[in-house]
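See structure below.
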Amino acid sequence: MPSYKWAPSRRVVAPVYTAPHPLFIARGKVMWCTRDKAFVSEKPAKARRNSVRVPRPVSSRDADVAPPPPYPAPSFSGAHKLAEDPLQLLAHYNTVVVVDDSGSMDTDGRWEEAKNAIRSLGEWAAQYDDDGIDLYFLNHRTPADGYGRHNLKSAFAVMSAFDNVFPDGSTPLGARLSEILDAHVKACAASCRRFLGLRVGPARPKPINVLVVTDGRPTDRDGADPKAVLVRTARRLDALKMPRDQVGVSFVQVGADADAAEYLRELDDDLPACGVRDMVDTTPYTTSLDADPERLVKILLGGVHRRVDVKGGQVMVQRRGK
Numbered sequence: 002m003p004s005y006k007w008a009p010s011r012r013v014v015a016p017v018y019t020a021p022h023p024l025f026i027a028r029g030k031v032m033w034c035t036r037d038k039a040f041v042s043e044k045p046a047k048a049r050r051n052s053v054r055v056p057r058p059v060s061s062r063d064a065d066v067a068p069p070p071p072y073p074a075p076s077f078s079g080a081h082k083l084a085e086d087p088l089q090l091l092a093h094y095n096t097v098v099v100v101d102d103s104g105s106m107d108t109d110g111r112w113e114e115a116k117n118a119i120r121s122l123g124e125w126a127a128q129y130d131d132d133g134i135d136l137y138f139l140n141h142r143t144p145a146d147g148y149g150r151h152n153l154k155s156a157f158a159v160m161s162a163f164d165n166v167f168p169d170g171s172t173p174l175g176a177r178l179s180e181i182l183d184a185h186v187k188a189c190a191a192s193c194r195r196f197l198g199l200r201v202g203p204a205r206p207k208p209i210n211v212l213v214v215t216d217g218r219p220t221d222r223d224g225a226d227p228k229a230v231l232v233r234t235a236r237r238l239d240a241l242k243m244p245r246d247q248v249g250v251s252f253v254q255v256g257a258d259a260d261a262a263e264y265l266r267e268l269d270d271d272l273p274a275c276g277v278r279d280m281v282d283t284t285p286y287t288t289s290l291d292a293d294p295e296r297l298v299k300i301l302l303g304g305v306h307r308r309v310d311v312k313g314g315q316v317m318v319q320r321r322g323k
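Taking my numbering, I'd label the letters of the sequence shown as residues 2 to 323.
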């Protein structure tokens with residue numbers, strides 16, 4: 002009976018990253034790349050059939066050459082440079098325009114005045130909002146446009162939203178603000194969801210800058226008026242520890258109604274007295290905004306920039322001229 006002798010098996014370990022790459026073969030030298038280092042062997046490279054010819058010599062220094070620098074970021078060109086333009090802050094916000102189309106807007110030329118104001122505001126704001134501005138009316142709503150017009154990126158698109166819209170009805174300003182602000186606060190709350198101490202919610206939504214063009218007092222019932230809606234929104238944002246500029250609301254008054262002016266002033270001044278953040282500003286519309294840069298800056302930034310709210314648009318316009 003034949004005898005068998007046990008012999009230990011030999012484990013063959015394949016070399017790691019030791020094969021020369023065609024791109025490293027030049028001038029009779031081979032660069033051998035290992036996991037830890039690279040070195041050059043002086044032995045001549047063997048000619049290979051169908052080998053790749055490298056036109057440029059490659060030295061060992063190429064292993065340490067840094068990649069080329071990235072392309073420079075595109076810069077804004079035009080009449081207003083971002084480095085000098087105070088309205089560049091609008092790029093950090095989604096701009097939402099709310100238009101009062103109640104019956105009182107059809108008196109004393111207020112409707113045309115509101116359209117002129119919105120044309121200027123929309124044209125300027127759309128320059129800085131990459132996805133365009135959103136526009137809502139208080140009364141005019143159609144399912145076709147989702148009860149609002151979205152992603153408007155030009156003055157023509159903004160003015161086209163007024164087609165077949167005529168002033169009529171009441172002034173449900175609080176209800177409309179509640180729809181817009183509640184949806185945004187809900188998105189903020191979703192971004193704060195945590196599981197086992199880790200944030201699991203979606204990214205925090207982009208801050209919003211709401212511009213409200215109106216002429217008079219709202220007709221909402223008590224508890225649903227703009228002041229109640231704004232206080233509730235501010236408290237929820239404070240509870241979620243959202244940034245101070247997460248939501249800003251700027252009221253633009255058209256017309257010369259003294260009662261409306263007093264009501265809007267109370268919204269601007271009395272909100273901090275309720276123990277919540279100040280996120281409201283009020284500005285009367287009196288002249289063409291294109292010819293009044295300080296008023297334009299006040300309207301567009303007053304709701305989200307505290308210095309502009311308190312001292313007016315001149316603080317930003319003067320800084321630009323320095």
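We treat Cβ as the ideally placed atom computed from N, Cα and C, and that holds for glycine.
Neighbourhood of residue i by C-beta, 8 Å cutoff - its chain only, sequence neighbours within 5 removed
i, result
"aspartate 135", "Asn95, Thr96, Val97, Val98, Gly149, Arg150, His151, Asn152 and Leu153"
"proline 244", "Pro208"
"threonine 288", "Arg296"
Residue i to residue j span [Cα, whole Å]
i, j, result
"valine 305", "valine 211", "9 Å"
"aspartate 271", "threonine 234", "15 Å"
"leucine 302", "arginine 195", "33 Å"
"serine 155", "leucine 197", "46 Å"
"glycine 104", "glycine 202", "43 Å"
"glutamate 180", "proline 227", "11 Å"
"alanine 274", "valine 232", "10 Å"
"glycine 313", "alanine 118", "18 Å"
"threonine 143", "glycine 276", "38 Å"
"alanine 92", "tyrosine 264", "30 Å"
"leucine 178", "alanine 225", "10 Å"
"histidine 141", "serine 161", "14 Å"
"alanine 259", "valine 281", "19 Å"
"leucine 182", "cysteine 189", "11 Å"
"aspartate 86", "lysine 187", "33 Å"
Nearest candidate by alpha-carbon position, reference residue i, set the options
i, options, result
"aspartate 130", "Leu199, Gln89, Met160 and Arg111", "Gln89"
"valine 392", "Arg266, His141 and Met243", "The question about residue 392 has no answer, for the chain in this structure spans 2 to 323."
"leucine 1", "Gly110, His93, Ala115 and Asp86", "Residue 1 cannot be examined here, being either before or after the span of the chain that is shown, 2 to 323."
"tryptophan 112", "Phe157, Pro87, Asp86 and Asp164", "Asp164"
"alanine 257", "Tyr286, Leu182 and Pro87", "Tyr286"
Proximity of residue i and residue j at Cβ, strictly below 8 Å
i, j, result
"valine 230", "glycine 175", "yes"
"leucine 268", "threonine 283", "yes"
"aspartate 324", "alanine 262", "The requested residue 324 is not part of the displayed model; the chain covers only 2 to 323."
"arginine 296", "leucine 238", "no"
"valine 159", "phenylalanine 138", "no"
"aspartate 293", "valine 214", "no"
"proline 168", "aspartate 109", "no"
Cβ shell of residue i (< 7 Å), same chain only, five flanking positions each side left out
i, result
"aspartate 63", "In this prediction, aspartate 63 scores a pLDDT of 49, lower than 50, which makes its location untrustworthy; no coordinate-derived value is stated."
"alanine 191", "Gly202 and Pro203"
"histidine 185", "Pro206, Ile209 and Val248"
"serine 193", "According to the sequence as given, residue 193 is cysteine; it is not serine. Cβ within range, chain order: Gly202 and Leu241."
"leucine 199", "none"
Any non-hydrogen atom of the ligand FMN within 7 Å of residue i CB
i, result
"valine 166", "Of the ligands one can find in the structure shown there are none, so the ligand FMN has no counterpart to examine."
Contact set for residue i: own chain, Cβ-Cβ below 6 Å, skip 5 residues either direction
i, result
"proline 208", "Tyr94, Asp246 and Gln247"
"alanine 127", "Gly133, Ile134 and Lys154"
"proline 56", "Because the pLDDT at proline 56 is just 49, under 50, the model does not fix this residue reliably, and the value given afterwards should be weighed accordingly. Same-chain partners within the cutoff: there are none."
"arginine 236", "Val277"
"arginine 307", "none"
C-beta neighbour in chain D for residue i, strict 8 Å
i, result
"proline 244", "Among the chains of the structure shown, chain D does not appear; only one protein chain is present."
* To do: Kindly confirm or deny that the region 240 to 255 and the region 110 to 126 touch, where touching means at least three C-beta pairs closer than 8 Å.
  => yes
* Do the region 158 to 177 and the region 211 to 223 meet, that is, are 3 or more Cβ pairs less than 8 Å apart? -> yes
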